[in-house]
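Quick note: the sequence shown uses our numbering, first residue 47, plus one each step.
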Amino acid sequence: MLAKTFEDIATAAQRYDGNRRTAIDYGLFQKNLMDRSKHAEDYSPDEWLGLKQFVTDDFERIGNFKEVMTFADMVAFLQAWSPTIHWEGSFKRVMEYDNVVVLELEERVGEGEAQNAVNSVTVYEFDDAGKIRHLDVYLQSEPGQVSKGEEYPV
Numbered sequence: 047m048l049a050k051t052f053e054d055i056a057t058a059a060q061r062y063d064g065n066r067r068t069a070i071d072y073g074l075f076q077k078n079l080m081d082r083s084k085h086a087e088d089y090s091p092d093e094w095l096g097l098k099q100f101v102t103d104d105f106e107r108i109g110n111f112k113e114v115m116t117f118a119d120m121v122a123f124l125q126a127w128s129p130t131i132h133w134e135g136s137f138k139r140v141m142e143y144d145n146v147v148v149l150e151l152e153e154r155v156g157e158g159e160a161q162n163a164v165n166s167v168t169v170y171e172f173d174d175a176g177k178i179r180h181l182d183v184y185l186q187s188e189p190g191q192v193s194k195g196e197e198y199p200v
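Set out below in structure tokens:
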């Protein structure tokens with residue numbers, strides 16, 4: 047069994063390249079914008095369009111409630127959600143086989159002092175050019191902790 051580590055995601059990213067690094071950088075890009083959306087005077091919701099550098103034109107994301115999002119759907123969601131929610135994560139592990147990367151994190155999400163901690167696994171499917179074409183998001187939480195409509199970005 048692979049060892050699980052709990053460390054800063056940006057620190058862990060330094061050990062990886064290729065599709066594994068792209069999957070981690072995709073999450074770090076989101077974390078940066080989530081923080082900017084609350085603290086930077088020059089923040090613009092249009093910055094979320096920068097995620098396009100990571101994904102294919104036919105990108106699809108399946109969330110933890112089996113909701114299907116296109117790139118445009120996801121950007122609209124993140125633009126509305128990010129200024130209201132605090133998100134942080136700890137790296138556990140990342141694995142790759144062929145064009146599939148599995149990234150495991152512990153995520154902490156909340157408003158103000160109220161935070162939920164969940165274990166997340168995100169499955170990234172890449173095209174041959176190294177762009178993300180599909181995401182599947184899976185969450186593990188305490189009973190009743192994640193309610194319908196509560197969403198996590200990665």
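Cβ atoms here follow ideal geometry from the backbone N, Cα and C, with glycine treated the same way.
Note on residue 128: 16 or more other CB atoms within 10 angstroms of its CB, so buried under the neighbour-count rule.
With a 10 Å radius around the Cβ and a threshold of 16 neighbouring Cβ atoms, residue 60 comes out exposed. Taking C-beta atoms under 8 Å as the contact rule, residue 55 and residue 135 qualify, at a distance of about 6 Å.
The beta carbons of residue 146 and residue 167 sit about 12 Å from each other, so the pair does not count as a contact at 8 Å. Sorting 78, 151 and 185 by C-alpha distance to the C-alpha of residue 125 places 78 at the top. Rounded to whole angstroms, the separation of the alpha carbons of residue 160 and residue 154 is 10 Å. Cβ contact annotation for residue 172 (same chain, cutoff 8 Å, sequence separation greater than five): 65, 68, 145, 146, 147, 178 and 179, in chain order. DSSP lists 157 as the beta-bridge partner residues of residue 160.
The Cβ neighbour count for residue 188, taken over all protein chains shown within 10 Å, is under 16; the residue is labelled exposed. If you draw a straight line from the Cα of residue 117 to the Cα of residue 73, it is about 15 Å long. Residue 166 is bridged by DSSP to 151 and 185. Annotated three-state conformation of residue 103 is strand, per DSSP.
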